Amino acid sequence: MRKNFISICCIIMFMASTCFANEPLTVKLWDTATPPTDNGIPAEMETIERPNWISNVATPELFVFLSGKPDAPTLLMCPGGGYEGVAIQHEGTFLSTPLNEHGVNLAVLKYRMPNGNSGVPAEDVNRAFEILKENASEWGINPDRIGIGGASAGGHVASTVATHPELTDLKPAFQVLLYPVVSMKEGVTHQGSRLHLIGDNPTEELIDYYTNELHVTPQTPQAFIAVSGDDTGVPAKNSIDYFNALTANGVPVSLHVYPQGGHGWGYRPGTTHSDVWMTELLYWLDNLQLP
1373 MRKNFISICC IIMFMASTCF ANEPLTVKLW DTATPPTDNG IPAEMETIER PNWISNVATP
1433 ELFVFLSGKP DAPTLLMCPG GGYEGVAIQH EGTFLSTPLN EHGVNLAVLK YRMPNGNSGV
1493 PAEDVNRAFE ILKENASEWG INPDRIGIGG ASAGGHVAST VATHPELTDL KPAFQVLLYP
1553 VVSMKEGVTH QGSRLHLIGD NPTEELIDYY TNELHVTPQT PQAFIAVSGD DTGVPAKNSI
1613 DYFNALTANG VPVSLHVYPQ GGHGWGYRPG TTHSDVWMTE LLYWLDNLQL P
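In this note's numbering, the protein residues as written are 1373 to 1663.
Pasting the structure below:
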């Protein structure tokens, strides 16, 4: 456990010195509290398989990159990984430089894997919200301007929190979704994400609960969505159905569908869609109606 923790810290510090506008504040989520649900994964199983990939997450952490701009909005980002791990860099920490330089705070959540305990990721998001709120004054964060974001399976975490207000104590002000898993229905969902979240024989009730377009209301946070039309990993239908549900409920949403690119592009400057979607996101953030 300690070896993995030290390795993770070293990776984050190395990336901060070479890629980031600001070094992150690193916070263990459950240092001063006990998580409501145990995901059943021993801490020693958590593994850094390569700098961008951490599997079997059992020790959740929050990496906070502050822009230094007073009253700045904050994006709490959940990287993807099929509910097996987190792609911590290109779907998380790499976003810090363009966001910070634009005056937006970024908090990247290394959330626990559900391992069939479906409520675990949302518990970590709720705890992350609590930490951001508790430290808002010291960190220069406006607690009413915290949004939730996610890529791929992380997009499912984010859209779950956005559409199930009972899961968090602080309502997200907005949502940012990259090629998200939204549905748990056969033929639409990402099968691996479904398996690791709700198991191989889920009830229809559980499937419907985590099919997030079914839970959109007029109170659902405004959204930015980016996806490739040729995504075979997570079909674009997830994003389109979510867009339709948001618009049907009068929720402002900006949907960007790129003709090519497949799945998992995230943010790496100069690569597929990275500069385009980031420019569009920053424009969208500038024009949000926030408290």
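All residues carry an ideal CB built from backbone N, CA and C; glycine is no exception. Every value quoted in this text rests on a predicted model; they were computed, and no experiment measured them.
| Query | Result |
| --- | --- |
| Which value, in whole angstroms, describes the spacing of the CA atoms of ASN1467 and ASP1580? | Sequence inspection shows Leu at residue 1467; the Asn mentioned does not correspond to that position. LEU1467 and ASP1580: Cα-Cα distance of roughly 32 Å. |
| Where does the unbroken alpha helix (DSSP H) through LYS1505 begin, and where does it stop? | 1492-1506 |
| Cβ of ASP1516 within 9 Å of Cβ of PRO1663? | yes |
| Once the 5 residues before and after LYS1668 are set aside, which same chain residues still bring their CB inside 6 Å of it? | For the chain, the structure presents residues 1373 to 1663; residue 1668 sits outside this window and is missing. |
| Assuming contact is defined by CB atoms lying nearer than 9 Å, are HIS1602 and GLY1633 in contact in what I supplied? | According to the sequence provided, residue 1602 is Asp. The question's His does not apply to it. Result yes, Cβ atoms of ASP1602 and GLY1633 sit closer than 9 Å. |
| What's the gap between the Cα of GLU1538 and the Cα of GLY1491? | 12 Å |
| For SER1531, which three-state DSSP category applies? | helix |
| Am I right that MET1449 and GLY1512 are in contact with their C-beta atoms under 8 Å? What's the rounded C-beta distance? | Their Cβ separation, rounded to whole angstroms, is 18 Å, which puts MET1449 and GLY1512 out of contact at 8 Å. |
| Exposed or buried, which one is LYS1482 when buried takes at least 16 other CB atoms within 10 Å? | buried |
| With DSSP run on the structure shown, which of helix, strand or coil describes VAL1560? | coil |
| Suppose the cutoff is 6 Å on Cβ atoms and the five residues either side in sequence are ignored; what does the same chain contact list for PRO1624 look like? | GLN1594 |
| From VAL1548 to ASN1477, what distance separates their C-alpha atoms? | 14 Å |
| Name the two residues that bound the continuous alpha helix (DSSP H) containing SER1427. | Taken as a continuous stretch (DSSP letters only), SER1427 belongs to no alpha helix (DSSP H), being part of the beta strand (DSSP E) at 1425-1427. |
| Among TYR1551, PHE1546, PRO1631, whose alpha-carbon lies nearest the alpha-carbon of LEU1660? | PHE1546 |
| For the putative contact between ASN1489 and GLY1412, defined by C-beta atoms under 8 Å, what is the C-beta separation to the nearest angstrom? | 7 Å |
| By the 10 Å Cβ neighbour count, where 16 or more other Cβ atoms means buried, how is PRO1641 classified, buried or exposed? | exposed |
| Any idea what DSSP makes of VAL1648, helix, strand or coil? | helix |
| Between PRO1407 and the rest of its own chain, which residues show a CB-CB distance below 7 Å, the 5 nearest in sequence each way excluded? | GLU1495 |
| Among all the DSSP beta bridges, which residues are the ones paired with LYS1400? | GLU1433 |
| Between which residues of its own chain and THR1561 is the CB-CB distance below 7 Å, once the five residues before and five after are set aside? | VAL1553, SER1555 |
| Within the same chain, show all residues whose beta-carbon is closer than 6 Å to that of LEU1578, passing over the 5 residues directly before and after it, in chain order. | ILE1570 |
| So what does DSSP say about GLU1416, is it helix, strand or coil? | helix |
| Got a sec? Which residues, its chain only, sit under 7 Å from LYS1441 by beta carbon, not counting five neighbours each side? | GLY1475 |
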